[in-house]
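In the numbering used here, the protein residues as written are 632 to 816.
From the three backbone atoms N, C-alpha and C, an ideal C-beta is built for every residue, glycine too.
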Amino acid sequence: MAEDKFPGWHGTTIIGVRKGGRVVVAGDGQVSLGNTVIKGTARKVRRLTPGGRDVVVGFAGSTADAFTLVERLEKKLEAAPGQLARACVELAKDWRMDKYLRNLEAMLIVTDGKDLFVLTGAGDVLEPEHDIAAIGSGGNYALAAARALMDTDLDAEAIARKAMAIAAEICVFTNGNVTVETIGG
632 MAEDKFPGWH
642 GTTIIGVRKG
652 GRVVVAGDGQ
662 VSLGNTVIKG
672 TARKVRRLTP
682 GGRDVVVGFA
692 GSTADAFTLV
702 ERLEKKLEAA
712 PGQLARACVE
722 LAKDWRMDKY
732 LRNLEAMLIV
742 TDGKDLFVLT
752 GAGDVLEPEH
762 DIAAIGSGGN
772 YALAAARALM
782 DTDLDAEAIA
792 RKAMAIAAEI
802 CVFTNGNVTV
812 ETIGG
């Protein structure tokens, strides 16, 4: 988030892990202002069902901005049922080009159980390497932990939960109150 607009706001770790035909998106519940935890039970991972098809979204950044983007994504998915990549690209184009949307401060992890994408306000629709996507304040910690765990016998959910626990131990803007959504398999 832009420090000049939202000084001292930090929070969120979101991770997506694809393994064994399943994708898990997990997010912590902490929102902080400076060194103060404002809320510890925020829910930043949601299941959408546009056109009757499940899509899971996790978001980091401004909540109002993220909700605006999630609503727009739902509309794109309704216009292109079953075409997650197309809907994500269309959202990213709008996000980048629209005068109002381009000021939104958020990032998204989106999956339909098959594809896994990270969407940014810079117009990026990224399919992560190693079947892991992570965003937010503790995203890099969770990403590193999950990558180390991918070669174990753990399933996608166990990897996501362990990675979130490790991130929460390292990142002061991440807590252990985790929301998990699983799709696929």
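- DSSP places PHE698 in the helix class (H, G or I) of the three-state scheme.
- In terms of Cβ geometry, ALA773 and ALA796 do not form a close pair [threshold 7 Å].
- In the DSSP assignment, ARG733 falls outside any alpha helix (DSSP H), carrying neither H nor E.
- Between the beta-carbon of ILE801 and that of ILE645 there is about 16 Å, and that puts the pair past the 8 Å contact cut.
- The C-alpha of GLY713 lies about 24 Å from the C-alpha of GLU788.
- With a cutoff of 7 Å on beta-carbon distance, VAL811 and ALA710 are scored as not near each other.
- When the alpha-carbon of GLY651 is set against those of ASN808, ILE790, ALA737 and ASN806, the nearest one is in ILE790.
- For VAL662, same chain residues with a beta-carbon under 6 Å away, outside a window of 5 residues either side, are GLY642, ILE669, LYS670 and ALA673 in chain order.
- Close CB contacts of ALA723 within its chain, under the 6 Å cut and outside five residues either way in sequence, are with LEU750, GLY754 and VAL756 (chain order).
- DSSP places VAL662 in no alpha helix (DSSP H) but in the uninterrupted beta strand (DSSP E) bounded by 662–664.
- DSSP places LYS706 within a helical segment (H, G or I) once states are collapsed to three.
- Around the beta carbon of THR680, fewer than 16 other beta carbons lie within 10 angstroms, which makes this residue exposed.
- Taking a contact as a CB-CB distance under 8 Å, the pair ILE814 and ASP685 counts as one, their CB atoms being some 6 Å apart.
- Contact check for VAL654 and GLY744: beta-carbon distance about 5 Å, within the 8 Å limit, so the pair qualifies.
- For GLY651, DSSP records no beta bridge to any residue.
- If you look at LYS724, you'll find it in the alpha helix (DSSP H) that goes 715–728.
- Residues of the same chain with a CB within less than 7 Å of the CB of GLU705, apart from the 5 flanking positions on each side, are LEU679 and PRO681 in chain order.
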